[in-house]
Amino acid sequence: MARITSLDVAREAGVSQTTVSFVLNGKNEFGISETTRRLVLDTAQRLGYAPSAVARALRSGRSQVVVFLLADAPVSEPFARFKREVTTALQAQGFTCVFLELTGLAGGVSAVCQHLDPAIVVSATVLPEADKQALVKSGVPVIDGVLGSEDASVAGLDQREIGRMQVRHLADRGHRVIGFAAVEDPQDQPFCLPRLEGAREQCRLLGLAEPVVASMDYSLDGAADALTHWVESAPPVTAVAAFNDVVAVAVLGACRLRGLDVPGDLAIIGVDSETIGALTVPTLTTIGIDLTVPAGSLAGAIVDLAQGGAAQVRAVATDALTLVHRGSS
């Protein structure tokens, strides 16, 4: 069905399109009678007329669209939740969110944004300088590198504290030789590296040896190789802090294949409190993240910048992180 326009409203009401424009924009200083004004409003409502985003932007002087540029990576359960929380927080401020994959954007970032006329562009990764400068020259504010670099973190959340919490829990359970299950995927490095650094910091603080790091892909074979590295180290690893729950579940599966008891022979803790962790045998101990907190921090920075202020991503309180103690530790 064709979209209803102001011209359709004008024809149906028997008035000019200019009159419709004045009425719908609340301009009452042009001698339009109350009868005509009511006729236009009733006709617009009956036809289901809604002004376009472009028209609203022209009237208000700015768009209410936030374009998120995403890296070419699988959508995880935590990131899907994060997107939902950011969208909810921004909708409460009157903004509409559009999520686009960076890979395969026809005409590049600047061409897409010309069509959408965004209030602001937010990129998960650091944009190429040419794209960033093109947006800046066109007057579109940019927040890029939201997922951070090796020493940064998403929306103000301290990823290092996650690694610290994992080690503290394992040490509290009596473990003195701790492994860390890292990942090889470059997309995960902005999270993995600071979590590993946090684990190292906590080991030093507790007087423990450096964590025994094994890097793996998202596969059972990769987890099996990592497990061999840990059990054959001297002294052997008795507990593993995994980068996330998916990695932790892979390590759990490798233990089952090797005949190791969890947590008797090897304790395991993940991150993200994904649904799958509550369904494994034993159930998975993890660090839960209240994503409403970092999402609210990022949304606040977006609104500040869109309204002409400075984008300050607020530091997120550590109470956004919760230990979920289950059977694997």
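Here the sequence shown is numbered in the working numbering, starting from 46 and rising by one per residue.
Glycine included, every Cβ here is placed at the ideal spot set by N, Cα and C.
Determine the extent of the beta strand (DSSP E) in which residue 146 is found, giving its start and end residues.
Numbered from its first residue, the sequence shown carries residue 146 at position 101. First-last of the beta strand (DSSP E) with residue 146: 141–146.
Would you mind working out which of 316, 216, 335 sits nearest residue 254, comparing C-alpha positions?
In the sequence shown, counting from the first residue as 1, residue 254 sits at position 209. Ranking 316, 216, 335 by Cα distance to residue 254 puts 216 first.
On the three-state DSSP scale, how would you describe residue 63?
Within the sequence shown, the letter at position 18 stands for residue 63. Note: residue 63 maps to helix in three-state DSSP.
Counting only the same chain and skipping the five closest in sequence on each side, list residues whose C-beta sits under 6 Å from that of residue 317.
The count along the sequence shown starts at 1 and reaches residue 317 at position 272. Result list for residue 317: 123, 289, 290, in chain order.
Less than 8 Å between the C-beta atoms of residue 374 and residue 330, yes or no?
Start at 1 with the first residue of the sequence shown, and residue 374 comes out as number 329. Start at 1 with the first residue of the sequence shown, and residue 330 comes out as number 285. Closer than 8 Å, so yes.
Spatial neighbours of residue 341 in its chain, beta-carbon cut-off 6 Å, leaving aside the 5 residues before and after:
Residue numbering aside, residue 341 sits at position 296 when the sequence shown is read from its first letter. Result list for residue 341: 134, in chain order.
Residue 64 and residue 50: beta carbons closer than 8 Å?
Numbered from 1 along the sequence shown, position 19 holds the residue referred to as residue 64. Numbered from 1 along the sequence shown, position 5 holds the residue referred to as residue 50. Contact: no.
Taking the alpha helix (DSSP H) that residue 342 falls in, what are its first and last residues?
For the purposes of this step, residue 342 is taken as the residue at position 297 of the sequence shown. Taken as a continuous stretch (DSSP letters only), the alpha helix (DSSP H) holding residue 342 covers 337–351.
State the beta-bridge partners of residue 285 as determined by DSSP.
Position 240 of the sequence shown, counting from 1, holds the residue named residue 285. DSSP, once it has assigned bridges, lists 224, 313 as partnering residue 285.
Would DSSP call residue 51 helix, strand or coil?
Within the sequence shown, residue 51 is the residue found at index 6, counting from 1. Correct three-state label for residue 51: helix.
Proximity winner among 333, 58, 278, relative to residue 92 (alpha-carbon distances):
Translated into the one-based positions of the sequence shown, residue 92 becomes position 47. Checked all of 333, 58, 278; the closest Cα to residue 92 is 58.
In chain order, what residues of the same chain lie with their CB nearer than 6 Å to the CB of residue 267, ignoring the 5 residues before and after it?
Mapped onto the sequence shown, residue 267 falls at position 222. Here the set comprises 261.
Can you tell me whether residue 146 is buried or exposed? The criterion is at least 16 other CB atoms within 10 Å of its CB, across all chains shown.
Walking along the sequence shown from the start, residue 146 turns up at place 101. The residue in question, residue 146, is exposed, as its Cβ has fewer than 16 Cβ neighbours within 10 Å.
DSSP beta-bridge partners of residue 258
Counting from one through the sequence shown, the residue named residue 258 turns up at place 213. Answer by DSSP bridge pairing, in chain order: 225.
Is residue 333 helix, strand or coil when you go by DSSP?
The residue labelled residue 333 in the question sits at position 288 within the sequence shown. Looking at residue 333 - three-state DSSP - the assignment turns out to be strand.
Starting from the C-beta of residue 219, find all residues in its chain whose C-beta is less than 6 Å away, skip the five residues before and the five after it, and write them out in chain order.
Taking the first residue of the sequence shown as 1, we reach residue 219 at position 174. None.
Whether residue 345 touches residue 285 by CB criterion (8 Å)
For the purposes of this step, residue 345 is taken as the residue at position 300 of the sequence shown. For the purposes of this step, residue 285 is taken as the residue at position 240 of the sequence shown. No, these two residues do not count as a Cβ contact at 8 Å.
Within its chain, find whatever has a CB closer than 6 Å to the CB of residue 189; leave out the 5 residues flanking it on each side and keep chain order.
For the purposes of this step, residue 189 is taken as residue 144 along the sequence shown, with counting starting at 1. Once the five neighbours on either side are set aside, the close Cβ partners of residue 189 are 168, 171, 172.
Contact check, residue 156 vs residue 110, beta carbons under 8 Å
Looking up residue 156 in the sequence shown gives position 111. Looking up residue 110 in the sequence shown gives position 65. Taking 8 Å as the Cβ cut-off, residue 156 and residue 110 do not qualify as a contacting pair.
Please report the residue range of the alpha helix (DSSP H) in which residue 207 lies.
Sequence index remark: in the sequence shown, residue 207 carries index 162 (1-based). Unbroken alpha helix (DSSP H) run through residue 207: 204–217.
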